[in-house]
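K.L.:
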Amino acid sequence: MASRVALVSCVKQKCGAAAPARDLYVSQLFRGLRRYAETHADIRYILSAEYGVLRPDQVVDPYERTLNTMPKRDRLAWAEKVEQQLLGLLPAGAEVILLAGQRYREDIEPFLRKSGYSVSVPLQGLQIGKQLQRLKQVSKRRERRTAVPNAGLEGTLDRQAITSLLIEHGQLVFSGPLEFVPFTQIRKADELLNDLQAHPHAYVLACVMDRQIKAEKAWVIPFRFAQKLGTFAFSRLAELTLDEVRDLMTKPEPLHRFTEGMSKNFHAAVGLIKEKYNGNAAKIWEGKPSSADVVYRFLEFQGVGPKIATMAANILARHFKVPFKDYYSIDVSADVHVRRVFGRLGLTDPEDSIEAVIYRARALHPEFPGLFDYPAWEIGRNWCRLQSPLCGDCYMKEVCPSRAGSSG
Ligand code: SF4
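Take 447 as the starting number for the sequence shown in the numbering used here and just add one per residue.
1. Please check the pair residue 803 and residue 788, which I expect to be a contact at CB under 8 Å, by giving their CB distance rounded to whole angstroms.
2. On the three-pair Cβ rule with 8 Å, is the region 684-703 touching the region 735-748?
3. Closest to residue 651 by CA distance: which of 665, 644 and 660 is it?
4. Tell me where the beta strand (DSSP E) around residue 491 begins and ends.
5. Measure how close the beta-carbons of residue 772 and residue 736 come, nearest whole angstrom, since I'm counting them as under 8 Å.
6. If I follow the unbroken beta strand (DSSP E) through residue 824, where does it start and stop?
7. Anyone know if the C-beta pair for residue 493 and residue 550 falls short of 9 Å?
8. Compare the Cα-Cα distances from residue 476 to each of 451, 497 and 502 and report the closest residue.
9. With which residues is residue 566 paired in a DSSP beta bridge?
10. For ligand 1, which residues count as neighbours when the test is a C-beta closer than 7 Å to any heavy atom?
11. Where do the ends of the beta strand (DSSP E) carrying residue 451 lie?
12. Taking the beta strand (DSSP E) that residue 838 falls in, what are its first and last residues?
13. Got a sec, what are the start and stop residues for the beta strand (DSSP E) residue 675 sits in?
14. Judging by CA-CA distance, which residue of 823, 778 and 525 is the nearest neighbour of residue 805?
15. Taking the C-alpha atoms as reference points, what is the distance between residue 450 and residue 816?
16. With a cut-off of 8 Å on the beta carbons, I'd call residue 760 and residue 819 a contact; round off their distance for me.
17. Considering only residues of the same chain and omitting the five flanking positions on each side of residue 849, which have a CB-CB separation below 7 Å?
18. Just how far apart, CA to CA, sit residue 752 and residue 741?
19. So within the region 748-831, which uninterrupted alpha helix (DSSP H) runs reach at least 4 residues, ignoring any that extend past its ends?
20. Between residue 497 and the rest of its own chain, which residues show a CB-CB distance below 7 Å, the 5 nearest in sequence each way excluded?
21. With distance defined between alpha-carbon atoms, name the residue in 531, 784, 584 and 519 nearest to residue 499.
22. Measuring straight from C-alpha to C-alpha, what distance separates residue 596 and residue 792?
23. Can you tell which of 659, 471 and 559 has its C-alpha closest to the C-alpha of residue 704?
24. By the DSSP assignment, the beta strand (DSSP E) with residue 500 in it spans what residues?
25. Is the beta carbon of residue 680 closer than 9 Å to that of residue 720?
26. By the 10 Å Cβ neighbour count, where 16 or more other Cβ atoms means buried, how is residue 460 classified, buried or exposed?
27. Relative to the alpha-carbon of residue 832, which residue among 637, 811, 675 and 785 has its alpha-carbon at the smallest distance?
28. Please go through the same chain and pick out, in chain order, the residues whose beta-carbon is closer than 7 Å to the beta-carbon of residue 487, but skip the five residues on each side of it.
29. Any idea if residue 756 is buried or exposed, counting beta-carbon neighbours within 10 angstroms, 16 or more meaning buried?
30. Cα-Cα, which of 678, 727 and 657 is closest to residue 707?
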């Protein structure tokens, strides 16, 4: 089995005298990272802004240097030196766990990948507070698992650990700050979809278009429509006849694979927003409604089924931070990624139906089953590929019964 090597970046707070590198740094974050490295890796090194790569037992003097304030040119020189050191230290085929801030990773991570090492960054994207929280949870979970001697409980514990880890990741996104959501590859299209204040109908109409084509293609339709029409103001959309919608949807190039059906759905959706919500689609989710109300309101749109309706409510809650009274009725949208990941994690049978995945999520986290949606989708999309999953990079690898190299 490949060696696991943890690379932990140095921190500002240090003790006042020369010490072995593992004891030189005294911040809470460093101690948490050190503990993580000690329990998850066979070999550990410290990435020091002053000295480059340090062995934990290497005695060094304290210093002030940090990559966080270093000019780019100096950071590049530092990275070059570290890369040379690492080439001499890393065993062939090692799995590298990078426990380092962005500045320490920016050049090292691509270098490692290019050099053929598998790399995982378990705390990627987390602010310091969240990193501490995660480290604490991981350490507690480990303590709990090692404290139970009864091997017969292992399966149950693994499922608990898997569920907690998914919930933890789902919660981080759910409780995180409001951020711009990149739905498509086109910035202007995404700006329109993110503009829930002035164009809430763009979000709703994108959901209505999300059928039988790739999501990225469907979600760009409001923007393409606006380009052709010169505006996406609701008052203008409400004036369009079905024939005009069909023309815009079809010419000069078709916006959807099923232009006839989608033109009708689009036209009907505009009509529903006009009649029921007085032209303001934000009324679908305003006033802290229950999740069931929001899902039901999306289901009222022609062509929208439960999968899209729950996805629409989930994105509003998770990414746009729209407050709901409860989250019971937001299910997972069990697409291929979610189904594959649930299956490989042993939460469902790989052959199980979409309904089985939905009900399993309800059973595991009834207060908000849809919380599993994003982490499972993200794992499926980034690492848990159909062929050759990248288990070395996946944050579930510690608990996953199907990870590559696992006997279970
Ligand atoms: S560890 Fe591997 S098999 Fe398990 S979820 Fe991650 S990528 Fe998939």
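Even for Gly, the Cβ is constructed at its ideal location relative to N, Cα and C.
For clarity, every value in this text was computed on a predicted model and none was experimentally measured.
P.N.:
Answer, in terms of the structure:
1. 5 Å
2. no
3. 665
4. First-last of the beta strand (DSSP E) with residue 491: 489-494.
5. 6 Å
6. From DSSP, residue 824 is part of no beta strand (DSSP E) but of the alpha helix (DSSP H) over 819-828.
7. yes
8. 502
9. DSSP, once it has assigned bridges, lists 543 as partnering residue 566.
10. Selection output, chain order preserved: 787, 790, 791, 825, 829, 830, 835, 836, 837, 840, 842, 843, 846, 848, 849 and 850.
11. From DSSP, the beta strand (DSSP E) with residue 451 extends over 450-455.
12. Note, residue 838: premise wrong, no beta strand (DSSP E); not H, not E.
13. From DSSP, residue 675 is part of no beta strand (DSSP E) but of the alpha helix (DSSP H) over 667-675.
14. 778
15. 33 Å
16. 6 Å
17. 837 and 843
18. 8 Å
19. 752-764, 782-790, 800-810 and 819-828
20. 506
21. In terms of Cα proximity to residue 499, the closest of 531, 784, 584 and 519 is 531.
22. Caution applies to residue 596, whose pLDDT of 43 falls short of 50 and renders its modelled position unreliable; the value that the coordinates give is listed next. Looking at the two C-alpha atoms, the distance is approximately 20 Å.
23. 659
24. 498-500
25. yes
26. buried
27. 785
28. 450, 451, 452 and 543
29. buried
30. 657
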